[in-house]
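Below is one structure, written out as structure tokens; comments come after it.
Number of protein chains: 2
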Amino acid sequence: MRRWELAIALDPGRELPLFLQLAGTIADDIRCGRLKPGEALPGSRELALRLGVNRNTIVAGYSELVAEGLVSTRIGGGTFVGEPAAPPPDAPAMTEQTPTYSLMPPLPLPMAGHAPAPGVLMMSNGAPDARLFPARALARAFRRAIEHRGRSLLVAPHPCGHIRLRTELAAMLARTRGLLATPDNLMVTRSIEQGIDLVARTLIGPGDTVAVEAFGYPPAWSVLKLAGAQLVPIAVDSGGLDVDALEALLRQQTIRAVFLTPHHQFPTTTVMSPARRARLAELALQHGFAIIEDDYDHEFHYEGKPILPIAAGAGRANVVYIGSLSNLLAPGVSTGFVVAPPAVFARLQSMRAASDARSDAAMECAIAELFEDGELLRHVRRMRRTYAARRDALAEALTRHLGGAVHFRLPEGGMGLWVRADDGIDVARWSRDGEREGVLFFDARRYDFHQRAQSFLRLGFTYHDESELDDAVRRMARALSRQTWPSAVSSSR
Amino acid sequence: MRRWELAIALDPGRELPLFLQLAGTIADDIRCGRLKPGEALPGSRELALRLGVNRNTIVAGYSELVAEGLVSTRIGGGTFVGEPAAPPPDAPAMTEQTPTYSLMPPLPLPMAGHAPAPGVLMMSNGAPDARLFPARALARAFRRAIEHRGRSLLVAPHPCGHIRLRTELAAMLARTRGLLATPDNLMVTRSIEQGIDLVARTLIGPGDTVAVEAFGYPPAWSVLKLAGAQLVPIAVDSGGLDVDALEALLRQQTIRAVFLTPHHQFPTTTVMSPARRARLAELALQHGFAIIEDDYDHEFHYEGKPILPIAAGAGRANVVYIGSLSNLLAPGVSTGFVVAPPAVFARLQSMRAASDARSDAAMECAIAELFEDGELLRHVRRMRRTYAARRDALAEALTRHLGGAVHFRLPEGGMGLWVRADDGIDVARWSRDGEREGVLFFDARRYDFHQRAQSFLRLGFTYHDESELDDAVRRMARALSRQTWPSAVSSSR
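One line per chain: the protein sequences are A and B, in this order. For the first sequence, this note's numbering assigns the number 596 to the initial residue and increments by one for each residue that follows. For the second sequence, this note's numbering assigns the number 596 to the initial residue and increments by one for each residue that follows.
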């Protein structure tokens, strides 16, 4: 059998890290069949010599492929192309299995996150950069937690999460966000979506009206609809949710709850003013509705002090506060949390105890340990500096490579820029051309309650590093050069 | 300040391991205030010398206390009594926070598992023995998984779980249980309760009738009721669910689903016969209802081959199969799974994607690695031997210390014995007296759909080792000696 040869050389001049160039090339060779299942990749030492790069680059590239399930390592050494997953050979066809009972129509699948093919830059991705995750510290903390093997750790996990993590989270929220949080009214959830789901099932019944931001986070809308909510969109502007518009609605009908993202509104990145927050809390007390405050990226605030959550203000009796450390650590790590006044919390707790009674106590203790030894707060400070620099780098690259074509305001915090394409640009075509250039971005239609075509884009700046962001914007510029549009100057005629 | 002295000596003659005797004594001293918050425990070396035991015993005892949150260790060494958790000093009273909207009455809290005070033996506990958990192997696998830091691992976890774990679980279920499982119709869930919850929300609407076993698992009933199910209990006998009784019900009304535990019925431990399974599957196809098969401890079968699940038989089109590895590993570890025919699975997947979109990809890869390197199957075999021996030890101890007072049949598998107290024994009083002797057991009222007082007990044999089980039964015998009851002989007059 002919030995596979890496077809292209790596280019240290490209901004894409060498290990991702390597992983991308090999992944393409596997997908197009040039590398077959079972075939061995060259040893890392050998390939490093052949390509004239550091061996760690090869190891990192191979790790990337292992993590994507494209190759696997074997005991005794060697890295091999994996078999595509297939049903066991003797399995009868699945199609025979049609139930004889009637099924409701399937729910629409919410927007699924997916990892890009290696080499593709994801500007549409609002995810954190998993390369910066404190993996070693967490692995060490997990080992220590699980080696105690204390029976209370593993036998009877508390449905609200381990007391150590609840204590740490409550102390952090009380200290940095002014919340009335104690271990007794804070629940750790598997994910922010689970938090929203528990709150929705606790507070919302079929047919209840819930007001949401007209530009928002569709997965949250799906969860609210699961509980039977009728959603009503309320306009957002540069000050966040338009509270006057909400007040107009309240003159016409009663509502059960408002769901909103006041601190770096998603997706528009604006911060709701303290005056609007206070007015909203007042309306909630007066009209008897709940405020579900989703504060998903509170810690990523770069200019001045973050504004205190609505749940820390005078009207907090009606606020349920939802947050997560998953943007700080990584989406797979169970670190959502919900804080609620005692009467609501009792109901949330029984809902959680019924629907998912156990929690991942060992992992929770590991995260608590990262708090206890200061690692977590150091990581917050590191990430804040890193993401602030990336925000600035993206803004600079947009100005340099796409000046005139896009317009934006630098946000005070968050994980993305809210960018308006210049009039006359065919954003859908730009997006399609971008994909051919190896950069993914989409218009903001997906965040619009009414799913209308938009001249706005949300560009994430946390997933890629500065040089990748610059590369991405240059690819966007190349994609845009395939169309002519009436520029800002010419359109001002 | 007077230095705290350990008040009692450890007794190597007691069956309770020395480290648990130590942990129990110290825990009592903390609870009654003889040891105050902030006070230092003696060094492990010093205390080992003083008590004349191995230093590892002291370390294990302290670890137990750390895991229970009663003491903590500090950098630089030393073990200190912890502060009781308290709200931050400046927190306003929680009672001011009463929402102005109306709340539904709280759900009843389902039976909460809780760790016993050190030294108390929990015969009521059906949990696995966390001391036998392959903690080191899992910690190593987790470290390897997370160190790859592949972006696909941490950025976009699949709502159904990582492909590596789905592949391994599907292969295991196809091979050992004859299921039509592939990575495309198997979902990893956070817990078995989450699996039941997703299935219930997918299949059951408000007012639908669901048949359940008249003796069963109350947390599952809570989850079904959350979805709006009207539960109807069906008798169980020595052959499991009474299918004739179900058939009689079907002549009177339609049902949406049957929820049952056919393989080691919970709590009665019986195995449903293949003939009854086939009849049940036939009825489901004919009457158009779903079978929700909860196979929570399939791998713990000690006599002969386990019977294949209903989901592996001819009527499988109507069966949704739920299981978990949490009894094999530990309750805190996310290893539930659901297998369903494709049409149902599509709906389950969108329900999961909406309500808890992310999964713990790093932990899932770690567990997949335990499969891949054979560690998991070795652990299954070890646990099967261990638990079979414990089952026999419990049966022997019951015969030796409580012969005449209790009656039982040795189950073919599972995690507990179903024991009937002799006529005339006041089981409630026995249980209260047992608590004074340091052993917890309860009558089976909690498992009865109608919550009636029972002469039956379910005694778990997996949580404690052989000598602990013997000790527990001797404590039960001492507790029983406080009452006189008409023995089997005298009651036969």
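Cβ atoms here follow ideal geometry from the backbone N, Cα and C, with glycine treated the same way. Note that this is a predicted model, so its numbers are computed, not measured.
ask   = Buried or exposed: A/Arg-942, going by 16 or more other Cβ atoms within 10 Å of its Cβ?
value = Counting the other CB atoms within 10 Å of its CB gives A/Arg-942 a total of 16 or more, which places it among the buried residues.
inquiry  = Strictly below 9 Å CB to CB, what residues from chain B border A/Glu-742?
reply    = The contacting residues are Ser-658, Ala-730, Arg-731, Ala-734.
Separation of A/Phe-1003 from B/Gly-790, as counted between CA atoms = Roughly 44 Å separates the two Cα atoms.
query = A/Asp-792 versus chain B: which residues are under 9 Å apart at the beta carbon?
reply = Residues of chain B passing the Cβ test: Ala-949, Ser-950, Asp-951.
query = Which two residues bound the contiguous alpha helix (DSSP H) that contains A/Thr-771?
reply = In this chain, the alpha helix (DSSP H) harbouring A/Thr-771 covers 758-772.
query = Is any beta-carbon of chain A found at less than 8 Å from that of B/Arg-985?
reply = So, not an interface residue.
query = If you measure from the beta carbon of A/Ala-907 to each beta carbon in chain B, is any gap under 8 Å?
reply = No Cβ of chain B is located within less than 8 Å of the beta carbon of A/Ala-907.
message = Let me see if you follow: with CB-CB separation under 8 Å, is A/Glu-788 close to chain C or not?
response = No chain C is part of this structure, whose protein chains are labelled A and B.
query = Is A/Arg-1031 near the ligand ATP, judged by its Cβ being under 7 Å from some heavy atom?
reply = Ligands displayed in this structure: none; no statement on the ligand ATP is therefore possible.
Same chain only: Cβ atoms within 7 Å of A/Gln-1046, ignoring 5 sequence neighbours per side = If you ignore the 5 residues before and after A/Gln-1046, its C-beta comes within less than 7 Å of the C-beta of Arg-1040, all in its own chain and listed in chain order.
key: Coil, strand or helix - A/Phe-675 by DSSP   = Strand.
task = Grab the span of the beta strand (DSSP E) containing A/Phe-810 for me, first residue to last.
result = Note, A/Phe-810: premise wrong, no beta strand (DSSP E); not H, not E.
message = When you compare the CB of A/Pro-752 with every CB in chain B, is at least one pair closer than 8 Å?
response = Yes, its Cβ sits closer than 8 Å to a Cβ of chain B.
query = Counting pairs of beta carbons, one from the stretch 1054-1070 of chain A and one from the stretch 991-1008 of chain A, are three or more of them closer than 8 Å?
reply = Because the criterion of three Cβ pairs below 8 Å is met, the stretch 1054-1070 of chain A and the stretch 991-1008 of chain A touch.
inquiry  = Is it buried or exposed, B/Glu-678, if we count other Cβ atoms within 10 angstroms and call 16 or more buried?
reply    = By the Cβ neighbour-count rule, B/Glu-678 is exposed, with fewer than 16 other Cβ atoms within 10 Å of its own.
key: Listed by chain order, chain A residues near B/Arg-872 by CB distance under 9 Å   = Neighbours of B/Arg-872 on chain A: none; closest Cβ ~17 Å, over 9 Å.
ask   = Taking all protein chains shown into account, do 16 or more other C-beta atoms lie within 10 angstroms of the C-beta of A/Leu-1005, making it buried, or fewer, making it exposed?
value = The residue is exposed, with fewer than 16 neighbouring Cβ atoms inside 10 Å.
task = Could you work out which residues of chain A lie near B/Asn-913, taking near to mean beta carbons separated by less than 7 Å?
result = Scanning chain A for C-beta atoms nearer than 7 Å to the C-beta of B/Asn-913 yields Pro-694, Thr-695, Tyr-696, reported in chain order.
ask   = Does B/Asp-889 come within less than 8 Å of chain A when only Cβ atoms are used?
value = No, its Cβ sits nowhere closer than 8 Å to a Cβ of chain A.
task = Report the three-state DSSP secondary structure of A/Val-648 (helix, strand or coil).
result = In this structure, A/Val-648 counts as coil in the three-state DSSP scheme.
inquiry  = Tell me which residue opens and which closes the beta strand (DSSP E) that B/Val-915 is part of.
reply    = Where B/Val-915 is concerned, the enclosing beta strand (DSSP E) stretches over 914-919.
Local Cβ density within 10 Å of B/Asn-649, reported as buried at 16 or more and exposed below that = Its Cβ having fewer than 16 others within 10 Å, B/Asn-649 is exposed.
key: Any alpha helix (DSSP H) of 4 or more consecutive residues that is wholly inside the stretch 902-976 of chain B   = Those alpha helix (DSSP H) runs which fall completely within the stretch 902-976 of chain B and span 4+ residues are 937-950, 956-967.
Top-ranked residue by Cα proximity to B/Glu-1007, from B/Val-914, B/Tyr-657, B/His-893 = The residue from B/Val-914, B/Tyr-657, B/His-893 with its alpha-carbon nearest to that of B/Glu-1007 is B/His-893.
query = At what residues does the alpha helix (DSSP H) containing B/Asp-623 begin and finish?
reply = Looking at the DSSP string, the run of the alpha helix (DSSP H) that includes B/Asp-623 is 613-626.
inquiry  = Does any residue of chain B have a CB that is nearer than 8 Å to the CB of A/Ser-1076?
reply    = No, A/Ser-1076 lies away from the interface with chain B (no Cβ there is under 8 Å from its Cβ).
query = Looking at the C-beta of A/Arg-980, does it have a partner C-beta in chain B at a distance below 8 Å?
reply = The beta carbon of A/Arg-980 sits no closer than 8 Å to any beta carbon of chain B.
ask   = Under 8 Å between C-beta atoms, does B/Val-715 make it to chain A?
value = Nearest CB-CB separation between B/Val-715 and chain A: not below the 8 Å threshold.
ask   = Is A/Met-706 helix, strand or coil by DSSP?
value = Below a pLDDT of 50, predicted positions are generally treated as unreliable, and A/Met-706, at 48, falls in that range; no measurement from the model is reported.
key: Span separating the alpha-carbon of B/Leu-617 from that of B/Gly-656   = Going by the C-alpha atoms only, they are around 6 Å apart.
ask   = Short check: CB of A/Leu-698 to CB of B/Ala-949, under 8 Å?
value = Taking 8 Å as the cut-off, the beta carbon of A/Leu-698 is found no closer than this to the beta carbon of B/Ala-949.
message = Taking 8 Å as the threshold (beta carbon to beta carbon), is A/Ser-954 in contact with chain B?
response = A/Ser-954 counts as touching chain B.
message = I'd like the ranges of any beta strand (DSSP E) spanning at least 3 consecutive residues and lying wholly in the stretch 1014-1059 of chain B.
response = Segments of the beta strand (DSSP E) lying fully in the stretch 1014-1059 of chain B: 1051-1055.
inquiry  = Can you give me the C-alpha to C-alpha distance between A/Gly-800 and B/Ala-988, rounded to a whole angstrom?
reply    = Roughly 51 Å between the two C-alpha positions.
request  = Compare the Cα-Cα distances from A/Pro-716 to each of A/Gly-999, A/Ala-1048, A/Ser-1026 and report the closest residue.
outcome  = Rather than Pro, the amino acid found at residue 716 of chain A in this sequence is Leu. Nearest option by C-alpha distance: A/Ser-1026.
query = Roughly how many angstroms separate the alpha carbons of A/Phe-614 and A/Ile-653, rounded to a whole number?
reply = Using only the alpha carbons, I get a separation of about 6 Å.
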